[in-house]
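In the numbering used here, the protein residues as written are 78 to 414. No residue lacks a Cβ here, since even glycine has one placed at the ideal position from N, Cα and C. Working notes, beginning with the structure itself.
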């Protein structure tokens, strides 16, 4: 008899933008891979009525929940609630636990934690910090949403030269609406951009699936991966930011430093299941973590799966490893209880 997997994702409103609707493509792809692996699959939508999803899962009693929920009530900040629900129901679930999602979904909290454990990350601050006199000093900054993801509102104008705290405070206040709420700013690292994809192993350590570089077109005025580069396929921004892997062979020392720092990040941030760590390198070659992605996008053409394919891993094998990790953690938790 086939075991049942529940693929749970957030409900997507009709006509939603690409960054929101992308979770549908993820759900379909993951479901297809699970069926290839011999699972019976039920796709479950989680909307504002959490009780509805709870009742559905109680009726299904799946052997595992594949957690693809990226937001609740249109807020990425609430996505950390889903592991709490799954654990309360006694169901194994894929990916990061609630405390880790809470930490990584708040970019400033994640930054503070990284700095406290010695992980390299650019100095950052939010509006409250500026009002309390914590201005890191003049220089070039990038203003981001603090808790929303998918590069919401991020474009060339997000990068700015700042001379004082009041100027940065005004810039964050002006961008609050377009960037989905509270903003933060961090020192802009003007250099190359990389990502490292990681997968949990049988002994709960991190396997490096591989690393990739975003190769920026040389004449780009501001070299960032903004909203259009991610979600407007065929746009100038998209065509100017190309994923590449050649540096791995050409620069083994850089590759080793990226992967070593990504492993340290996995351990210090308490990541599990699968993750992606994004870096920038400055002109001196120093590395800085700019984002920690717990439960990164698993769409077929997204960075995590592209990196896995480059490493010779079949997508179905990656999905199988993620599910196996969820089942192992659940068994371990039951034994420890």
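CB contact flag (residue i, residue j, <9 angstroms)
i           : j           : result
residue 107 : residue 134 : no
residue 362 : residue 264 : no
residue 301 : residue 328 : no
residue 325 : residue 383 : no
residue 166 : residue 204 : no
residue 211 : residue 237 : no
residue 120 : residue 85  : yes
residue 359 : residue 299 : no
residue 184 : residue 222 : yes
residue 345 : residue 191 : yes
residue 397 : residue 114 : yes
residue 399 : residue 143 : yes
residue 83  : residue 139 : yes
residue 116 : residue 80  : yes
residue 273 : residue 207 : no
Per DSSP, the bridge partner or partners of residue i
i           : result
residue 260 : 222
residue 322 : Note: residue 322 sits in no beta bridge, so no partner.
residue 78  : Looking at the DSSP assignment, residue 78 forms no beta bridge with any residue, so it has no partner.
residue 270 : 291, 357
residue 196 : Answer is none; residue 196 lacks a bridge partner.
residue 123 : 87
residue 118 : 82
residue 170 : 142
residue 275 : 285, 352
Own chain partners of residue i with C-beta closer than 7 angstroms, once the 5 adjacent residues on each side are dropped
i           : result
residue 157 : 175, 178, 179, 182
residue 284 : 275, 276, 278
residue 240 : 215
residue 312 : 305
residue 292 : 319, 321
residue 87  : 100, 123, 146, 147, 148, 149
residue 342 : 196, 354, 366, 369
Beta-carbon contacts of residue i that lie in its chain and below 8 angstroms, excluding the five residues immediately before and after
i           : result
residue 112 : 118
residue 252 : 220, 230, 235, 260
residue 332 : 288, 324, 325
residue 209 : none
residue 137 : 81, 83, 119, 121
residue 131 : 162, 166
residue 392 : 106, 110, 377, 382, 385, 386
Other residues of its chain near residue i: CB distance less than 6 angstroms, five sequence neighbours each side excluded
i           : result
residue 349 : 173, 277
residue 169 : 141, 403, 404, 407
residue 385 : 286, 395
residue 228 : 303, 304, 307
residue 257 : 222, 225, 229
residue 387 : 287, 322
residue 347 : 177
Residue i classed as buried or exposed, judged by whether at least 16 other C-beta atoms fall within 10 angstroms
i           : result
residue 282 : exposed
residue 378 : exposed
residue 295 : exposed
residue 199 : buried
residue 103 : buried
residue 153 : buried
residue 370 : buried
residue 290 : buried
residue 316 : exposed
residue 193 : exposed
residue 310 : exposed
residue 226 : buried
residue 339 : buried
residue 372 : buried
residue 357 : buried
residue 94  : exposed
residue 188 : buried
residue 110 : buried
residue 389 : exposed
residue 380 : buried
Residue i beta carbon near the ligand MN (any heavy atom closer than 8 angstroms)
i          : result
residue 93 : Only the bare structure without any ligand can be found here, which leaves the ligand MN out of the picture.
Quiz item: Which residue spans inside the segment 278-309 form an unbroken alpha helix (DSSP H) run of at least 4?
Solution: The qualifying runs are 304-308.
Quiz item: Hey, which unbroken runs of the alpha helix (DSSP H) at 4 residues or more fall wholly within the segment 138-166?
Solution: 158-165
Quiz item: Counting only runs that start and end within the segment 336-387, where is the alpha helix (DSSP H) found for 4 or more residues in a row?
Solution: 380-387
Quiz item: Counting only runs that start and end within the segment 200-257, where is the beta strand (DSSP E) found for 3 or more residues in a row?
Solution: 201-203, 216-222, 236-239
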